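Please read the structure below before turning to the comments.
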């Protein structure tokens, strides 16, 4: 049995509503996203929005999913642990500084604190990054560069958490010089265990 095709008008309406939601999240914060505000921003009736998203949290989560694609969707080793970390961190930094995801991630983290759907989405997002970390560790171990029993979770936290700290809390710049310094600071922890 084949699935019926979705009417392109439905897809267009949903995309228009999600785009309006993302603009509201970015410009006003999640607390300002309501069926009424999305209706005003998109020109879509509230009844249509309620039909697609009975709860505002459903609308928020669909908007978060839309922009939460991994900066690196598939891991390809760059030949060394330091090069892999540089590739990972420059991809993350670019995503934070240059994409809709980077504009929205602070709001996703805030929503995850009070909404289980958002928390689940954020957890899935982190799990996707753990898979990348596992591949980096496996490749580095095979080359003899990762000589510790550190878990991929702890590895990911040690390597990536400072980026989020600088971005979300401290407001410090994240540039290539900082990335290289950070990698040079953490790499010995893996090499000399």
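In the numbering used here, the protein residues as written are 16 to 208.
Cβ coordinates follow ideal geometry from the N, Cα and C atoms, glycine included.
Everything numeric in this text was worked out from a predicted model, so none of it was measured.
Could you compute how far the alpha carbon of residue i sits from the alpha carbon of residue j?
| i | j | result |
| --- | --- | --- |
| residue 79 | residue 48 | 13 Å |
| residue 195 | residue 28 | 44 Å |
| residue 134 | residue 92 | 30 Å |
| residue 191 | residue 54 | 41 Å |
| residue 71 | residue 42 | 17 Å |
| residue 148 | residue 206 | 16 Å |
| residue 165 | residue 179 | 21 Å |
| residue 109 | residue 143 | 18 Å |
| residue 162 | residue 101 | 19 Å |
What do you get for residue i, buried or exposed, if any count of 16 or more other CB atoms within 10 angstroms of its CB means buried?
| i | result |
| --- | --- |
| residue 99 | buried |
| residue 21 | exposed |
| residue 177 | buried |
| residue 25 | exposed |
| residue 82 | buried |
| residue 57 | buried |
| residue 187 | exposed |
I'd like to check one pair, residue j with residue i: are the Cβ atoms closer than 8 Å?
| i | j | result |
| --- | --- | --- |
| residue 119 | residue 189 | no |
| residue 204 | residue 171 | no |
| residue 90 | residue 150 | yes |
| residue 184 | residue 115 | no |
| residue 198 | residue 122 | no |
Check each candidate in the options and name the one with the smallest Cα separation from residue i.
| i | options | result |
| --- | --- | --- |
| residue 152 | 57, 26, 43, 94 | 94 |
| residue 202 | 97, 129, 70 | 97 |
| residue 127 | 198, 75, 37 | 75 |
| residue 73 | 114, 110, 44, 131 | 131 |
| residue 175 | 43, 163, 193, 161 | 193 |
| residue 181 | 143, 52, 112, 129 | 112 |
contact_flag[the segment 89–109, the segment 50–64] where n(CB pairs < 8 Å) is 3 or more: no
Stretch-stretch touch, CB-based, cutoff 8 Å, three pairs: the segment 154–164 with the segment 134–144: no
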